[in-house]
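Those sequence lines, one after another, are chains E and R. Here numbering that gives the first Met the number 0 is used: the first residue of the first sequence is 0, the next is one more, and so on. Here numbering that gives the first Met the number 0 is used: the first residue of the second sequence is 0, the next is one more, and so on. Every residue gets a Cβ at the ideal spot worked out from N, C-alpha and C, and that includes glycine. To start, the structure under review is shown below, and the notes come after it.
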Amino acid sequence: MSNILTIDKLTMRFGGILALDNVSFEVKKGSITALIGPNGAGKTTVFNCITGFYKATSGDLTLHTRDQATSINKVLGQSFQWDDFYKPRQFASRIFYKMFGGTHRVNIAGLARTFQNIQLFNDLTVVENLQIAQHNTLNKNLLAGVFDTKAYKLSEQRSVDRAYELLEVFQLTADANRLAGELSYGQQRRLEIARAICTNPEVIALDEPAAGLNPNETEALAKMIQMLRTEFKMTVLLIEHDMGMVMKVSDFIVVLDHGEVIAKGSPEEILKNPKVIAAYLGVDDDEVAA
Amino acid sequence: MNIKRSLLDATVAGILALVVFGPIMGIVLDGYGFNLDVPRVAIITALVFFGRLAFHLAISTSGGRTFFQRFEKGRAGSITVTDPSVKTNLARFIPFILVAAAILPFFLGKYWISVLILAYIYILLGLGLNIVVGLAGLLDLGFVAFYAIGAYGLALGSEYLGIGFWIALPLSAILAASFGAILGFPVLRMHGDYLAIVTLGFGEIIRLVLNNWTSFTHGPNGASAPPATLFNLEFKRTAAEGYTPFHEFMNIDYNSTHRYIFIYLLVLIAVGFVLRLKHRLVKMPLGRAWEALRENEIACRSLGMNHVTIKLSAFMMGAAIAGTAGVFFAAKDGFVNPASFSFIESALILAIVVLGGLGSTVGVVIAALLVILIPEVMRAFSEYRYLVFGLLMVFMMIVRPRGLITITRDSKYSTDGGGRAADARNKENAA
Numbered sequence: 000m001s002n003i004l005t006i007d008k009l010t011m012r013f014g015g016i017l018a019l020d021n022v023s024f025e026v027k028k029g030s031i032t033a034l035i036g037p038n039g040a041g042k043t044t045v046f047n048c049i050t051g052f053y054k055a056t057s058g059d060l061t062l063h064t065r066d067q068a069t070s071i072n073k074v075l076g077q078s079f080q081w082d083d084f085y086k087p088r089q090f091a092s093r094i095f096y097k098m099f100g101g102t103h104r105v106n107i108a109g110l111a112r113t114f115q116n117i118q119l120f121n122d123l124t125v126v127e128n129l130q131i132a133q134h135n136t137l138n139k140n141l142l143a144g145v146f147d148t149k150a151y152k153l154s155e156q157r158s159v160d161r162a163y164e165l166l167e168v169f170q171l172t173a174d175a176n177r178l179a180g181e182l183s184y185g186q187q188r189r190l191e192i193a194r195a196i197c198t199n200p201e202v203i204a205l206d207e208p209a210a211g212l213n214p215n216e217t218e219a220l221a222k223m224i225q226m227l228r229t230e231f232k233m234t235v236l237l238i239e240h241d242m243g244m245v246m247k248v249s250d251f252i253v254v255l256d257h258g259e260v261i262a263k264g265s266p267e268e269i270l271k272n273p274k275v276i277a278a279y280l281g282v283d284d285d286e287v288a289a
Numbered sequence: 000m001n002i003k004r005s006l007l008d009a010t011v012a013g014i015l016a017l018v019v020f021g022p023i024m025g026i027v028l029d030g031y032g033f034n035l036d037v038p039r040v041a042i043i044t045a046l047v048f049f050g051r052l053a054f055h056l057a058i059s060t061s062g063g064r065t066f067f068q069r070f071e072k073g074r075a076g077s078i079t080v081t082d083p084s085v086k087t088n089l090a091r092f093i094p095f096i097l098v099a100a101a102i103l104p105f106f107l108g109k110y111w112i113s114v115l116i117l118a119y120i121y122i123l124l125g126l127g128l129n130i131v132v133g134l135a136g137l138l139d140l141g142f143v144a145f146y147a148i149g150a151y152g153l154a155l156g157s158e159y160l161g162i163g164f165w166i167a168l169p170l171s172a173i174l175a176a177s178f179g180a181i182l183g184f185p186v187l188r189m190h191g192d193y194l195a196i197v198t199l200g201f202g203e204i205i206r207l208v209l210n211n212w213t214s215f216t217h218g219p220n221g222a223s224a225p226p227a228t229l230f231n232l233e234f235k236r237t238a239a240e241g242y243t244p245f246h247e248f249m250n251i252d253y254n255s256t257h258r259y260i261f262i263y264l265l266v267l268i269a270v271g272f273v274l275r276l277k278h279r280l281v282k283m284p285l286g287r288a289w290e291a292l293r294e295n296e297i298a299c300r301s302l303g304m305n306h307v308t309i310k311l312s313a314f315m316m317g318a319a320i321a322g323t324a325g326v327f328f329a330a331k332d333g334f335v336n337p338a339s340f341s342f343i344e345s346a347l348i349l350a351i352v353v354l355g356g357l358g359s360t361v362g363v364v365i366a367a368l369l370v371i372l373i374p375e376v377m378r379a380f381s382e383y384r385y386l387v388f389g390l391l392m393v394f395m396m397i398v399r400p401r402g403l404i405t406i407t408r409d410s411k412y413s414t415d416g417g418g419r420a421a422d423a424r425n426k427e428n429a430a
């Protein structure tokens with residue numbers, strides 16, 4: 000299996016704090032990869048770098064989606080280099096990404112995400128939430144919209160139909176025309192995942208999807224994550240604290256502690272790894288070395 | 000009903016009124032001394048006392064309570080989702096309202112027509128700003144700058160380039176939109192307060208440039224603007240060269256009201272057009288994207304939407320509408336000067352938007368009419384009209400903080416009617 004996302008020597012510095020130090024790992028296409036670690040280990044920082052919400056201090060992040068390689072640093076807009084002076088094409092692309100680049104390019108490249116604290120459009124209906132996620136595929140011609148042309152109506156109705164398909168899968172059809180802010184917490188979590196899927200990503204990054212869910216809901220969520228791979232053919236990247244769920248669904252685990260990768264491997268390997276046990280249970284450093 | 004409590008409550012209100020109004024209204028300066036004007040204070044205190052008493056008694060009756068609960072409910076969840084096929088009463092009356100508005104000027108004098116034109120111009124401005132503030136959630140305190148650009152576009156365009164009203168109309172809209180783009184592109188990466196301050200500064204810059212660049216704009220003296228023409232017919236007693244006066248062409252006596260009626264009808268058409276545009280925009284992907292951006296910018300970015308260009312489109316659209324309104328304003332008075340574009344105008348337009356409800360179309364129309372017409376109606380007590388206006392705003396913010404009109408959203412169903420059954424079930428459960 001080929002890698003769909005490679006992270007090479009990712010370093011992130013906030014002022015004097017080194018949040019991530021040379022983090023490197025790969026995500027295989029079609030896998031469910033989990034990122035775990037104690038609180039403050041830097042998991043969400045890795046996520047924010049991958050999804051383009053933070054600009055990495057150094058390191059290469061490459062997405063291999065939609066049959067091409069996308070450098071996440073490049074689409075966020077980089078500062079000018081000396082060789083831009085005699086490479087006009089490179090210079091032009093840099094200016095283009097400086098003006099029109101940004102976080103949204105990562106999503107367009109094929110990576111969607113959800114958030115640790117749910118980020119929905121609370122005053123819009125559930126269907127509209129899903130329609131907004133399809134914004135880039137809709138008929139956005141201003142005149143077509145104002146005169147309500149046939150092509151425009153078709154494009155709108157298609158987006159509604161797509162929304163209902165996903166609502167069916169995520170068992171939200173009955174709440175389709177309610178405001179997103181009125182939904183229960185568990186429903187909001189599901190809606191956020193459905194909305195991410197609406198952008199047709201190849202990789203979906205879930206930031207603590209089980210936070211705040213009860214055991215039954217967590218079980219349903221585990222099934223849903225497996226379904227993302229089997230039915231939607233997506234690669235899943237996951238941050239999660241619920242170890243039971245992580246061990247059950249993921250086939251590759253990366254463990255972070257203090258901004259460094261301390262272990263990588265299958266769930267069985269991770270369970271036996273003394274460094275991981277030490278990081279979670281807090282054993283003395285010399286004991287680990289021994 | 001608790002009369003004792005009501006009396007106590009009213010007494011407290013009365014004492015407060017005495018404290019507040021006593022020194023302000025009771026002491027009248029007379030040369031170096033002063034006179035006490037007891038009756039005035041007594042009247043106002045009595046008004047407050049009995050008003051508060053009546054209010055307190057009214058809310059303790061069951062009828063009064065249900066009446067006021069209606070406002071409470073509107074506060075909690077003022078957004079309702081309705082089926083788009085359900086026509087509101089308002090939608091049925093729209094043709095009648097338009098026809099009535101179109102024949103109205105023929106029964107009015109010049110003064111009232113010009114007041115109504117101003118009100119319609121403010122409807123345009125309110126709708127334009129409502130796109131920026133209400134839909135896209137960008138607080139713009141310098142909106143009047145685009146209005147000024149539109150107005151000066153006509154005045155200076157005719158002076159230096161010789162363009163008339165009809166060419167200036169689209170050109171000023173484009174000019175205002177380009178200014179919006181130039182201002183917007185660097186600053187729209189900012190949020191909330193910062194953006195408000197930058198736009199405030201922009202509004203002042205435009206006004207100061209118009210005021211001080213005397214060689215180009217004639218400074219505080221202002222510039223004259225050409226009136227609107229109807230197929231080369233001018234609404235003047237004697238037309239300029241190459242034009243025919245309207246009254247000669249029609250073989251009727253000259254009447255200066257004709258010019259106002261003509262502009263009135265033009266502005267009415269413009270209002271109708273912008274209303275339609277706004278009505279469609281909120282249902283279109285662009286309008287939806289604006290609202291999404293207002294709700295949650297982080298989520299928008301994570302969904303592949305370029306927040307800068309989407310904000311920019313809202314900013315430019317609003318600016319273009321303001322530019323159009325500016326052209327009408329200049330054509331109405333035949334004269335523009337920088338004093339018409341001070342910060343208070345921006346604040347007034349913002350007041351219209353907030354009063355009407357962020358994102359609401361009908362609300363803004365009503366609010367614009369109220370804001371412009373109430374001070375005119377109340378000219379008799381002109382000294383107090385801004386006081387009354389201010390009180391009205393405070394009162395509105397207490398009872399209807401989300402605007403005059405509750406916002407509705409359309410429910411949507413899949414092609415095979417998915418969601419309809421569930422909606423019906425939900426409604427039954429709620430009932």
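Mind checking if residue i is an interface residue toward chain A, Cβ cutoff 8 Å exclusive?
i	result
leucine 274 of chain R	In the displayed structure, chain A is absent; the protein chains listed are E and R.
Which one or two residues does DSSP pair with residue i in a beta bridge?
i	result
leucine 70 of chain E	First, the amino acid is wrong: residue 70 of chain E is serine here, not leucine. In the DSSP output, where bridge partners are listed per residue, serine 70 of chain E has E:Thr61.
glutamate 259 of chain E	E:Asp256
arginine 12 of chain E	E:Leu17
leucine 237 of chain E	E:Ala33, E:Leu205
valine 80 of chain R	R:Arg408
aspartate 36 of chain R	Answer by DSSP bridge pairing: none, since aspartate 36 of chain R is not bridged.
isoleucine 26 of chain R	R:Leu35
isoleucine 6 of chain E	E:Phe24, E:Leu60
threonine 10 of chain R	Beta-bridge pairing links threonine 10 of chain R to no other residue.
Applying the 10 Å Cβ sphere with the 16-neighbour rule, what's the burial state of residue i?
i	result
tryptophan 289 of chain R	buried
arginine 206 of chain R	buried
leucine 386 of chain R	exposed
glutamate 268 of chain E	exposed
histidine 306 of chain R	buried
arginine 112 of chain E	buried
phenylalanine 66 of chain E	For clarity, residue 66 of chain E is aspartate in the given sequence; the question names phenylalanine instead. Exposed, since its Cβ has fewer than 16 Cβ neighbours within 10 Å.
glutamate 230 of chain E	exposed
alanine 75 of chain R	Residue confidence is low: alanine 75 of chain R scores 43 on pLDDT, short of 50, so the model does not pin down where it sits. No coordinate-derived value is stated.
glutamate 382 of chain R	exposed
glutamine 187 of chain E	buried
asparagine 128 of chain E	buried
List, in chain order, every chain R residue whose beta-carbon is nearer than 9 Å to that of residue i.
i	result
histidine 103 of chain E	Cys299, Arg300, Ser301, Leu302, Gly303, Met304, Asn305, His306
arginine 112 of chain E	Ser301
phenylalanine 99 of chain E	Asn305, Val307, Thr308
Taking Cβ-Cβ distances shorter than 8 Å, what residues in chain E pair up with residue i?
i	result
arginine 279 of chain R	Gly144, Val145, Asp147
leucine 285 of chain R	Lys139, Leu141, Gly144
glutamate 427 of chain R	Simply none; closest approach about 12 Å.
In chain E, which residues lie less than 9 Å from residue i when you measure between Cβ atoms?
i	result
alanine 291 of chain R	Phe120, Leu123, Glu127, Asn128, Ile131, His134
alanine 421 of chain R	Thr172, Ala173, Asp174, Ala175, Asn176
Looking at residue j and residue i, is the spacing between their C-beta atoms short of 8 Å?
i	j	result
glycine 356 of chain R	glycine 418 of chain R	no
alanine 150 of chain E	asparagine 138 of chain E	yes
leucine 205 of chain E	leucine 119 of chain E	no
valine 125 of chain E	valine 159 of chain E	no
aspartate 256 of chain E	alanine 40 of chain E	yes
glycine 333 of chain R	alanine 224 of chain R	yes
aspartate 33 of chain E	leucine 237 of chain E	The identity of residue 33 of chain E in the sequence shown is alanine, whereas the question assumes aspartate. In contact: alanine 33 of chain E and leucine 237 of chain E (Cβ atoms closer than 8 Å).
threonine 44 of chain E	tyrosine 53 of chain E	yes
leucine 138 of chain R	glycine 191 of chain R	yes
Could you name the residues of chain E that residue i contacts, counting a contact when the two beta carbons are closer than 7 Å?
i	result
glycine 418 of chain R	Tyr163, Thr172, Ala175, Asn176
alanine 288 of chain R	Ile131, His134
threonine 414 of chain R	Gln156, Asp160
glutamate 294 of chain R	Phe120, Asn121, Asp122, Leu123
Cβ of residue i within 7 Å of any heavy atom in the ligand ATP?
i	result
isoleucine 276 of chain E	Annotation note on the ligand ATP: not contained in the displayed structure, which lists no ligands.
How would you list, in chain order, the residues of chain R whose beta-carbon sits under 8 Å from the beta-carbon of residue i?
i	result
threonine 198 of chain E	Leu302, Gly303
phenylalanine 79 of chain E	Residues of chain R passing the Cβ test: none, with the nearest at roughly 18 Å.
Using a Cβ-Cβ cutoff of 7 Å, what residues of the region 353–364 of chain R are near chain E? List them in chain order. Here the close residues number zero.
Using a Cβ-Cβ cut-off of less than 9 Å, list which residues of the region 47–62 of chain E approach chain R; keep chain order. Those residues of the region 47–62 of chain E that come within reach of chain R (Cβ to Cβ, closer than 9 Å) are Thr50, Gly51, Phe52.
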